[in-house]
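See below for the structure under consideration.
Number of protein chains: 2
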Amino acid sequence: MEDGYVNIGKRLPRVDGIIKATGEAKYAADLSMPGMLHGKILRSPYPHARIINIDADKAKRLPGVRAVVTGNDTIGFKAGGISARGDEPYLALEKVRFIGDGVAAVAAIDEETAEEALELIEVEYQELPAVVDPVAAMNEDSPLVHEHAPRNISYKTDLSYGDVDKAFKKCDYVREDHFETASIRHGFIEPHAALASWDLSGKLSFWGSKQSPYFTYRNMAKALGITLSRIRIVQPFIGGGFGGKNEMFDVDFSSALLSRKTGKPVRIVVSQEEVLFAYRQRHPTIIDIKTGLKKDGTIMAVDAHIIADGGAYLSIGAMSLYLMCSFLCLPYRLPNMRARGYRVYTNTQPSCAMRGHGVPQSRFAAEVQLDMAAGEMGLDPMEIRLKNALGPHETTPNGFVITSCGFEESIIEGKKVIEKWRKDRPKDGDPNIKRGIGVGCYGFVVGPRVAGHNTAGAVIKVHEDGGVSLMTGSTDSGQGSDTALSQIAAEVLGVRLEDVRYGMVDSDITPVDPGTYGSRVTFITGNAVRVAAEDVKNQLAEVAAKTLEANPRDIRFKDRRVYVAGSPERGISFPRLVKIAQYSGAGKTLLGRGYWAPEGLKVVNLETGRGNMSATYSFGTQVSEVEVNTETGRSKVIRMAMLHDCGTPINEMAMEGQLEGSAIGGIGHTLTEEIIRKDGRTMNPSFLEYRMPTALDACNVEILHTDTYDDVGPFGAKESGEGIQVSVVPSIVNAIYDAVGIPFKKIPITPLMVLDALKDKSGK
Amino acid sequence: MEDGYVNIGKRLPRVDGIIKATGEAKYAADLSMPGMLHGKILRSPYPHARIINIDADKAKRLPGVRAVVTGNDTIGFKAGGISARGDEPYLALEKVRFIGDGVAAVAAIDEETAEEALELIEVEYQELPAVVDPVAAMNEDSPLVHEHAPRNISYKTDLSYGDVDKAFKKCDYVREDHFETASIRHGFIEPHAALASWDLSGKLSFWGSKQSPYFTYRNMAKALGITLSRIRIVQPFIGGGFGGKNEMFDVDFSSALLSRKTGKPVRIVVSQEEVLFAYRQRHPTIIDIKTGLKKDGTIMAVDAHIIADGGAYLSIGAMSLYLMCSFLCLPYRLPNMRARGYRVYTNTQPSCAMRGHGVPQSRFAAEVQLDMAAGEMGLDPMEIRLKNALGPHETTPNGFVITSCGFEESIIEGKKVIEKWRKDRPKDGDPNIKRGIGVGCYGFVVGPRVAGHNTAGAVIKVHEDGGVSLMTGSTDSGQGSDTALSQIAAEVLGVRLEDVRYGMVDSDITPVDPGTYGSRVTFITGNAVRVAAEDVKNQLAEVAAKTLEANPRDIRFKDRRVYVAGSPERGISFPRLVKIAQYSGAGKTLLGRGYWAPEGLKVVNLETGRGNMSATYSFGTQVSEVEVNTETGRSKVIRMAMLHDCGTPINEMAMEGQLEGSAIGGIGHTLTEEIIRKDGRTMNPSFLEYRMPTALDACNVEILHTDTYDDVGPFGAKESGEGIQVSVVPSIVNAIYDAVGIPFKKIPITPLMVLDALKDKSGK
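First to last, the sequence lines map onto chains Y and D.
Here the first sequence is numbered in the numbering used here, starting from 1 and rising by one per residue.
Here the second sequence is numbered in the numbering used here, starting from 765 and rising by one per residue.
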């Protein structure tokens, strides 16, 4: 009875599975309150313009309109990401800086009236010259998006370790390449939505689709000029985020401002069209990278120059830029590295974090260039990776400390997959169909320390019939963390997953938490849950020890039974013990609390930083096989294998779902997805024209995890899914390279690009 | 800076004052959910009948009707009060036992359709002989309301201390009297209302107007046959309870059952008419009491025989009966006491707890009889009370242990009031207007232990800007406890009341609590809040000690500042300290938890019990002056003085509100309020005809509290308001006795009764 887990590592259905599959789960847009008004946001039609005057009189007179607010109704607060001064008002002040910038918001009795009112707001603009290309933006004579930023440089990172110039001189092989990545979108299914209700006691209740509700909690207080204890943020279900719902937006602020003005609850739900043209994107980048190797394939030096198109506001871009640069040091040994990054303001939609956060862009360049080098040097892409792979207990030159690490094993497993696939490959077929196999590798953070507050908290209440309620400050934006955290609580307390109820964030009561980013929830909040569960367990063990006449240290909890170690017959049921603990003598409600943050992490200086930002790192190898149709130029991913070190998985089924999501997402990023703009205007603001992959674009995904156990992770777990997002794109690009001999350095790789490249190649 | 409280003992407005006064506060009937259905309950038209058949086909076919449920749709669970087997199904099984008994419930798209559907339900009844008089009910040949209870006795209490028969023989004066009290009602303004929503994950969320939500939590699980962790009880504001909302009712159960059946949220709001004829009442009683005294006024013995009309079901009647009997021992020294009580089933609406819970009935008899004895013996009513008054550190023969006690002082103060009033009295006036002054005294419990679980819990979260969230499992049904508890938290943490936000019960997360009864919340939950606040304070003191370079024990918290004892200048602001504690180093969310229950209390055997049920007792003296118009028979209360020992008040203003409520309530109970029934049918189910007092019936109330400090109570507090409800009625009856020389032994005292008695008297 004492061996093996009851909940951990099992293929258990998600706790929110049924409720989401049946449509019962309530998202922000599903919420409704008596007397509720509907809001809409007026957006800038110009990429860059001065606001001369806003006349909302006609709009206010429209029957059914209850209020109109503009930047003039605010206290002028400007949001800004980490380590940055604020530059982004929630409703425009003086200037608009991109097409879609929020200018005014209307509350009316229904959405149609609010829409109609938008058209009646008369805004007098003075158009300004716009800059939409990041390279042009850096010219001395370019128009300035923000007056405080010369050459439109919103952030600059300059990392340098070892002696790069000297190292290059010693290399046997050096190459330089130019890479470009497009504007891509998070692609969450649930659009931004917010419901705000200001009661007459002066308290604001807010429901919104937020990955990090405590960011909204703080910024709402600052933007409204009220104290935090007057704000209650309640978290409904979240329909995907991927980094695009970390920040507070105009939709959130406007709902609160309009509710304060009208004294009624106000709900604003933006359209997917608005999401696609007026909200966040992944940073488009232009990467020049130079790599030097010894002839045996040892990587000696990397020198990179990165321009990241930040769009109109800083957002969290300082961190994005730092990650782009610093992750050139992972997952391969790299003694000498230099990376200069420039995040540039343009008059386009702002860039922010997105699954992988900055790392996918630079690793796409590095991994593809590595295959090009291997190809020219006559080395096997797997062998060159194996040779340079970081292992346990190594420290990168920028200070990342590797602890548990199954990277080498993942490459070895990847080699086996490739051998097997090459054997499998159909001998005959359409001569226009070229097959190729490519590889990409990654190392990724597991709950990085990015600012002051990194600690997670958990509160557990054990009900008198043995049921367990669990609260944390973390959110499940779809990644399955509510399930993983519930499994951890269940295992520690010796109950079953179905005994645990996860309660979503309510800032009045749940512990403060930074939120969902950087693959932190299972690892950091999971540990807080473990500590909280142990706290309750210890309280119960004291009572059990009395009842069972044993030492508290000898009490075991498993599968709803509590017994003396070594004597499973000397036990009682968990519900019975809870009842005794709650009702006998000085019995009391069983409440456990736990806090946890990794020790010794550094808040890294993002401009020049060196230091360990993550308590552990995940690793993995991604293998993809493609078919390229040389007649149509179309590339199709046939199969994938993901071989990753996520520590010990908490829930294999949920973990696989995360990996499959990254796999299919990566297909889109490599082959189809791209926001196309003309003079700052988004030309394809719909999923159909943006070309998100659908189920028909999916392929078979084999998943293998190397068996590591992380000493710090809860039950040995690290992260899964986000890290491997990094290596999917280069693995597909490298597979196309393998298929047709052309290394593409710009994504997405469209059929036209393939046909053009084939023509160029055959023309040579 | 170190002396005096910032929050405690101040006249602070209630935390829910504005929101309630403006109508913003949401009560259960105000809640609404998308897709919500409306429910109605079909009630028995017979006082006693067998259900032969229920045909709901026509009702179900009515357009807009979504479901009909009856007892056959239940698992047959029967609710019952403390120490009792269940006897009360939430929807009738086999029999109906009073006019108003719930028989079926309907859910429809609106209330009108649900009402219409009720009329289409065809119930075939077989009428049974009914018994509506409790004395007749005890006859051997009376029809049985419940087959398990011979002579319809639902509960019997037989208390005996000392040697009563011997004591009577030694008395100089003995008298026997017969008293009767009427059916009166709690008179809360908000009717019973419930909203239940069953989600597809199998979890029930429930919002209802419940004083003790955890009673509903447990009974809901039992009645539906599901585990507790599948039930979430959320507490909206409560519009008064007074004991009438402690239990779970048909309205609560039916909303849940209909929601399960329809898959939609279902709300049921009953009418005030239904509240008055189909829900709970205070036990009507018939009390024969014999008291013996020495000629100096020393009370030697009491022998009482009490018949309490329990109505159709047991409810919490066993406890009511025990309290009626045992409180003959308080507030006067009584060496010999016997009380035999019978709680009798009749085919009328069930009786339960109501403000004072059982004590007002027997104390009415005892206090009025004491004045009659004093009158005949030529003793002053105040002197006889002073002579027999219990004091600190005495123990009553039934085991009540008195600790802090300002009873004697309250009588002395009462004497002063009477002297002053007699001087004030206008010399001339209408000869038909007779003035009189009467007194009544009381002792009352402060959080009695009535069953296993008596512990309260509190959780405090300190926000990063110094705001404080407080959660307990207790409810504020109007008594102001949310304010008192917030004041306690604020004072311990050294912040201000407006910094504290009180979060109402949510069974998923708040600590389990017995609820609001027996004047327990300020005393018991208040102590839990104190402990929780001290827990957070200690965490903060550790951080402050480091910051201020001092010993944690020397850190003081006051008025939003934290400083070193003796050196107020060595300090920082509370918000600053919280920020340091949360963000620096291993900083974490500040969560405090506290549990508290009085030590050494006994769960008393309600049939024969002896033992201390309350950690302390409140005391007081009530003086009332009346004018009786001998021409119209109408009595009017002119002024009142309440002199009470509530320990140290937490909030004088809130305390006075509680006392004024008891004062005006007592006027109604004495002079006007009465449910009039004919053959079991309520003839006056409206507040107008039931004659609740209005503002025009109110009088001036002087309030004086004796300065005791209870060592166990939070900041020295005990209870206020409920205890003095006990003495208001006899003080008015005694004042009428003083005015016209007639001691009335039946309440309410109607003008007709007065005229009849005056005629009888003058006829003698």
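For glycine and all other residues, C-beta sits at the position ideal for the given N, C-alpha and C.
Contacts around residue 607 (chain Y), its chain only, beta-carbon distance under 7 angstroms, and the 5 residues preceding and following it disregarded: Indexing the first sequence from 1 puts residue 607 (chain Y) at position 607. Taken in chain order, the residues that qualify are 156, 157, 158.
At which residues does the alpha helix (DSSP H) containing residue 1494 (chain D) begin and terminate? Start at 1 with the first residue of the second sequence, and residue 1494 (chain D) comes out as number 730. Looking at the DSSP string, the run of the alpha helix (DSSP H) that includes residue 1494 (chain D) is 1486-1504.
Chain Y contacts from the stretch 1264-1277 of chain D (Cβ-Cβ distance under 9 angstroms): Identification of residues in the stretch 1264-1277 of chain D having a C-beta nearer than 9 angstroms to some C-beta of chain Y yields 1264, 1265, 1267, 1270, 1271, 1272, 1273, 1274, 1275, 1276, 1277, given in sequence order.
If the criterion is Cβ atoms closer than 8 angstroms, does the pair residue 767 (chain Y) and residue 384 (chain Y) meet it? Since the first residue shown for chain Y is 1 and the last is 764, residue 767 (chain Y) is missing from the structure and cannot be characterised.
In terms of alpha-carbon separation, which member of D:1198, D:1428, D:1492, D:1067 lies closest to residue 1383 (chain D)? Position 619 of the second sequence, counted from the start, is the residue given in the question as residue 1383 (chain D). Minimum Cα distance to residue 1383 (chain D) is reached at D:1492.
Burial state of residue 1087 (chain D) (16 or more Cβ within 10 Å): Reading the second sequence from its first residue, position 323 is the one you call residue 1087 (chain D). With 16 or more other CB atoms across the displayed protein chains lying within 10 angstroms of its CB, residue 1087 (chain D) is buried.
Does the structure place the stretch 1256-1266 of chain D close enough to the stretch 1183-1199 of chain D that three or more beta carbon pairs sit under 8 angstroms? Touching, no.
Excluding sequence positions up to five away, which residues of its chain have a Cβ less than 6 angstroms from the Cβ of residue 1042 (chain D)? The count along the second sequence starts at 1 and reaches residue 1042 (chain D) at position 278. So the qualifying residues of the chain are 807, 864.
Is residue 176 (chain Y) helix, strand or coil by DSSP? Mapped onto the first sequence, residue 176 (chain Y) falls at position 176. In the three-state DSSP reduction, residue 176 (chain Y) falls in the strand class (E or B).
DSSP three-state call for residue 1002 (chain D): helix, strand or coil? By 1-based counting over the second sequence, the position of residue 1002 (chain D) is 238. In the structure shown, residue 1002 (chain D) sits in coil (DSSP, three-state: anything other than H, G, I, E or B).
Mind checking which residues open and close the beta strand (DSSP E) that includes residue 1111 (chain D)? In the second sequence, the residue the question calls residue 1111 (chain D) occupies position 347. DSSP places residue 1111 (chain D) in no beta strand (DSSP E); its state is neither H nor E.
Thinking C-alpha only, which one of Y:440, Y:400, Y:457, Y:430 is nearest residue 414 (chain Y)? Your numbering for residue 414 (chain Y) matches position 414 in the first sequence. Selected option, being the one with the closest Cα: Y:440.
Residues that residue 667 (chain Y) contacts on chain D, provided the C-beta gap is smaller than 7 angstroms: In the first sequence, counting from the first residue as 1, residue 667 (chain Y) sits at position 667. Contacts between residue 667 (chain Y) and chain D, judged by CB atoms closer than 7 angstroms, are missing: the closest CB pair is about 33 angstroms apart.
Please list the partners that residue 1212 (chain D) has in chain Y, where partner means a Cβ-to-Cβ separation under 9 angstroms. For the purposes of this step, residue 1212 (chain D) is taken as the residue at position 448 of the second sequence. Those within 9 angstroms of residue 1212 (chain D) in chain Y number zero; the least Cβ separation is about 17 angstroms.
Just verifying my parser: in three-state terms, what is the DSSP assignment at residue 1468 (chain D)? Position 704 of the second sequence, counted from the start, is the residue given in the question as residue 1468 (chain D). In the structure shown, residue 1468 (chain D) sits in a strand (DSSP, three-state: E or B).
Please identify, using Cβ separations under 9 angstroms, the residues of the stretch 465-494 of chain Y that lie next to chain D, in order along the chain. Taking 9 angstroms as the Cβ-Cβ cut-off against chain D, the residues of the stretch 465-494 of chain Y that qualify are 465, 466, 467, 468, 469, 471, 473.
Separation of residue 168 (chain Y) from residue 329 (chain Y), as counted between CA atoms: In the first sequence, the residue the question calls residue 329 (chain Y) occupies position 329. In the first sequence, the residue the question calls residue 168 (chain Y) occupies position 168. Roughly 16 angstroms between the two C-alpha positions.
Decide if the stretch 455-468 of chain Y is in contact with the stretch 637-645 of chain Y; the criterion is three or more beta carbon pairs, one per stretch, under 8 angstroms apart. No, because fewer than three Cβ pairs between the stretch 455-468 of chain Y and the stretch 637-645 of chain Y fall closer than 8 angstroms, the two stretches do not touch.
Short check: CB of residue 1090 (chain D) to CB of residue 1072 (chain D), under 8 angstroms? Residue numbering aside, residue 1090 (chain D) sits at position 326 when the second sequence is read from its first letter. Residue numbering aside, residue 1072 (chain D) sits at position 308 when the second sequence is read from its first letter. Going by C-beta atoms, residue 1090 (chain D) is not nearer than 8 angstroms to residue 1072 (chain D).
Can you have a look at residue 1473 (chain D) and say buried or exposed, based on whether 16 or more other CB atoms are within 10 angstroms of its CB? Taking the second sequence and counting its residues from 1, the one referred to as residue 1473 (chain D) is at position 709. By the 10 Å Cβ count, residue 1473 (chain D) comes out exposed.
Rounded C-beta distance between residue 509 (chain Y) and residue 1511 (chain D)? I'm assuming under 8 angstroms. The residue you call residue 509 (chain Y) lines up with position 509 of the first sequence. The residue you call residue 1511 (chain D) lines up with position 747 of the second sequence. Cβ-Cβ separation between residue 509 (chain Y) and residue 1511 (chain D): approximately 47 angstroms, too far for a contact (criterion under 8 angstroms).
Quick check on the DSSP output: the alpha helix (DSSP H) that includes residue 156 (chain Y) runs from which residue to which? Here the question's residue 156 (chain Y) lines up with position 156 in the first sequence. Counting along the chain, residue 156 (chain Y) falls outside any alpha helix (DSSP H), though it belongs to the beta strand (DSSP E) covering 153-161.
Give every residue of the same chain whose Cβ lies closer than 6 angstroms to the Cβ of residue 674 (chain Y), excluding the five residues on either side of it in the sequence, and list them in chain order. If you number the first sequence from 1, residue 674 (chain Y) lands on position 674. Taken in chain order, the residues that qualify are 182, 748.
Compute the distance between the beta-carbons of residue 196 (chain Y) and residue 269 (chain Y), then report whether it is under 8 angstroms. Walking along the first sequence from the start, residue 196 (chain Y) turns up at place 196. Walking along the first sequence from the start, residue 269 (chain Y) turns up at place 269. No, they are not a contact pair.
Proximity test, Cβ basis, 8 angstroms: residue 1325 (chain D) and chain Y: Working through the second sequence from its first residue, we reach residue 1325 (chain D) at position 561. False, the Cβ-Cβ gap to chain Y never drops below 8 angstroms.
Should residue 2 (chain Y) go down as buried or exposed, given a rule of 16 or more other Cβ atoms within 10 Å for buried? What you label residue 2 (chain Y) is simply residue 2 of the first sequence in a count that begins at 1. Note that residue 2 (chain Y) has pLDDT 44, beneath the 50 cutoff, so the model's placement of it is unreliable and the number below is only indicative. Exposed.
Within 10 Å of its beta-carbon, does residue 1447 (chain D) have 16 or more other beta-carbons around it, so buried, or fewer, so exposed? Position 683 of the second sequence, counting from 1, holds the residue named residue 1447 (chain D). Around the beta-carbon of residue 1447 (chain D), fewer than 16 other beta-carbon atoms lie within 10 Å, marking it exposed.
Residue from D:1111, D:1103, D:1099, D:1065 whose Cα sits closest to the Cα of residue 1078 (chain D): Position 314 of the second sequence holds residue 1078 (chain D). It is D:1111.
Interface flag, residue 1318 (chain D) vs chain Y, CB-CB below 8 angstroms: Looking up residue 1318 (chain D) in the second sequence gives position 554. Residue 1318 (chain D) does not count as touching chain Y.
Do the CB positions of residue 301 (chain Y) and residue 288 (chain Y) come within less than 8 angstroms of each other? Indexing the first sequence from 1 puts residue 301 (chain Y) at position 301. Indexing the first sequence from 1 puts residue 288 (chain Y) at position 288. In this structure, residue 301 (chain Y) keeps its C-beta atom at 8 angstroms or more from the C-beta atom of residue 288 (chain Y).
Residue 268 (chain Y) at chain D interface by Cβ criterion, 8 angstroms: Position 268 of the first sequence holds residue 268 (chain Y). With 8 angstroms as the cut-off, residue 268 (chain Y) does not count as an interface residue toward chain D.
Our contact map puts residue 928 (chain D) next to residue 1100 (chain D) with C-beta atoms below 8 angstroms; I'd like the distance itself, whole angstroms only. For the purposes of this step, residue 928 (chain D) is identified with residue 164 of the second sequence, where counting begins at 1. For the purposes of this step, residue 1100 (chain D) is identified with residue 336 of the second sequence, where counting begins at 1. Correct: roughly 5 angstroms between the Cβ atoms.
In chain order, which continuous runs of the beta strand (DSSP E) of length 3 or greater are located wholly inside the stretch 649-703 of chain Y? Counting only runs of 3 or more, we get nothing.
Anything in the stretch 566-593 of chain Y with a Cβ closer than 7 angstroms to a Cβ of chain D? List those residues in chain order, please. Of all residues in the stretch 566-593 of chain Y, only 582, 583, 586, 587, 588, 589, 591, 593 come within less than 7 angstroms of chain D when Cβ atoms are compared, listed by chain position.
At the level of alpha carbons, what is the spacing between residue 796 (chain D) and residue 1328 (chain D)? As a working mapping, residue 796 (chain D) is identified with position 32 in the second sequence. As a working mapping, residue 1328 (chain D) is identified with position 564 in the second sequence. Near 51 angstroms, if we compare the C-alpha coordinates of residue 1328 (chain D) and residue 796 (chain D).
Using only the alpha-carbon positions, how far apart do residue 1456 (chain D) and residue 75 (chain Y) sit? In the second sequence, residue 1456 (chain D) corresponds to position 692, counting from 1. In the first sequence, residue 75 (chain Y) corresponds to position 75, counting from 1. Rounded to the nearest angstrom, the two C-alpha atoms are 52 angstroms apart.
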